[in-house]
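Chains as they are written, first to last, in the working numbering: chain A, 1 to 204; chain B, 1001 to 1204. All residues carry an ideal CB built from backbone N, CA and C; glycine is no exception. Keep in mind it's a predicted model, so treat the numbers as computed, not measured. This report refers to the structure that appears directly beneath it.
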DNA sequence: CCGGCAGGTCTGTTCATTGAACTTAGGGTA
DNA sequence: TACCCTAAGTTCAATGAACAGACCTGCCGG
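What follows is the structure in structure tokens.
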């Protein structure tokens, strides 16, 4: 491995937009990163939430690690989780502008599914990511994701989608409810082991 | 035609980011739109500047017209130009965030190739697209593109790239210098026919 | 009526994506 | 020990897009 063949090279397009797209412009890449922001960290959780072919997910995670957007960490022998690095966190404005545009121009079918709120005061963030009540742009650790008016109409019903419906802080690992098998002891015990690092959103 | 098969459907990802990517997430699409903002309007100019396969360009332009991002206009019988619509202009924040990230994180090899300046006062715009001198965010019609410190090192040398090195207002049609053949009469006469419409950048 | 140009379409090949099956390694249960 | 489970990959055949290059068409100017 460590082969980095992957097309998507706009090599002769010497412009910052093309350079950015070389790194995050491949299919699925942005959605993987979005999930990282929402708190997804594990291979199988990405898989369940994205419906992405396993091989493609492997490929995208590898590439993001190589490019320094994510770091891989063994939370128990042989099992990895993927965390946003400083560089990965710096992608936030791109995700934010895409989300804003998607909300404005690609009409949500029944209100937003997810809202972002300032934990301190409970106020919903405005379009620019600022807290209207406090007049500041909260750090990542102080932002909570919670279900919006359209949440009930979710098209999906996997564990990760369900976990995302429960209010939780951004970047914090999700509380996944195991499908069946109540006795998956050793995995459960690791679920909350990886606490939020000193990740901060550059601007939100 | 008017077939809209094209994959790239993240249909089950009911989230604004996924919806945005369904419309502008395909390969080349963003670069086509970037060129529109720079002033490129014609099939052959996109072709020369992007090194994109003709069939793919046709496909992307068709799709963008269908989705209402561009409008097609016959500037002389049988020849089209492509103009950003209001909806297309609303993509600016996405391009801007990509360009910012590309400049910060995917290091420009020798300074920026293009700078944006406020025409009224000649001041370079800041990262948010505002004029530091006037304290306003100028409309598209008042923004000028001009070569930056890295412009000389351009990797490309097609007509469009050369045209982009000459200062000009954003969204205005480019002054393409015909390669050879000084006597391409009827085309020249149309070059400046299509004046800037009332396009305005929603925020820059 | 010839050549050039804008704006495409057609074609064969290459490359990426997909879904499904298979692999590896550790752990729990009986 | 034998058996089953889960996480996290890898491998593979089939499909579908992207690619480069040749070809086509309508219009023009000389």
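| query | result |
| --- | --- |
| DSSP three-state assignment for residue 176 (chain A), whether helix, strand or coil | coil |
| Proximity winner among A:61, A:115, A:167, relative to residue 84 (chain A) (alpha-carbon distances) | A:61 |
| Collapsed DSSP secondary structure at residue 105 (chain A) in the structure displayed | helix |
| Any C-beta of chain B under 8 angstroms from that of residue 5 (chain A) | Residue confidence is low: residue 5 (chain A) scores 29 on pLDDT, short of 50, so the model does not pin down where it sits. Its coordinate-derived value is still stated next. It does not; no Cβ of chain B falls within 8 angstroms. |
| Residue closest to residue 166 (chain A), alpha-carbon to alpha-carbon, out of A:22, A:26, A:39 | A:39 |
| Three-way DSSP call (helix, strand, coil) for residue 1131 (chain B) in this model | strand |
| Distance, residue 1148 (chain B) Cα to residue 1111 (chain B) Cα | 7 angstroms |
| Contact with chain B by residue 176 (chain A), beta-carbon distance below 8 angstroms | no |
| Residue-level contact to chain A via CB, residue 1121 (chain B), 8 angstroms cutoff | no |
| Residue 81 (chain A) versus residue 71 (chain A): straight-line alpha-carbon distance, rounded | 8 angstroms |
| Same chain, Cβ closer than 7 angstroms to residue 47 (chain A), neighbours up to 5 away in sequence not counted | 54, 57 |
| Beta-carbon spacing of residue 1066 (chain B), residue 97 (chain A) below 8 angstroms | no |
| The region 1124 to 1134 of chain B / the region 1155 to 1173 of chain B touching (three or more Cβ pairs under 8 angstroms) | no |
| Spatial distance of residue 125 (chain A) from residue 159 (chain A) (CA atoms) | 26 angstroms |
| Straight-line gap, residue 1087 (chain B) to residue 24 (chain A) (C-alpha atoms, nearest Å) | 24 angstroms |
| Coarse secondary structure for residue 1056 (chain B), derived from DSSP in three states | helix |
| Run of the beta strand (DSSP E) containing residue 145 (chain A), from where it starts to where it stops | 143 to 147 |
| Alpha helix (DSSP H) segments (min. 4 residues) lying fully within the region 36 to 99 of chain A | 43 to 50, 54 to 66, 86 to 89 |
| DSSP-derived helix/strand/coil call for residue 1114 (chain B) | strand |
| Minimum Cβ-Cβ distance from residue 15 (chain A) to chain B less than 8 angstroms | yes |
| Neighbour-count burial assignment, residue 1157 (chain B), 16 or more Cβ in a 10 Å radius | exposed |
| Counted within 10 angstroms of its Cβ, other Cβ atoms place residue 99 (chain A) as buried (16 or more) or exposed | buried |
| Buried or exposed (CB count within 10 angstroms, at least 16 for buried), residue 1045 (chain B) | buried |
| Between the CA atoms of residue 1079 (chain B) and residue 115 (chain A) - distance to the nearest angstrom | 46 angstroms |
| Residue 1032 (chain B) versus residue 1092 (chain B) - alpha carbon distance | 13 angstroms |
| Interface partners of residue 104 (chain A) on chain B, CB under 8 angstroms | 1090 |
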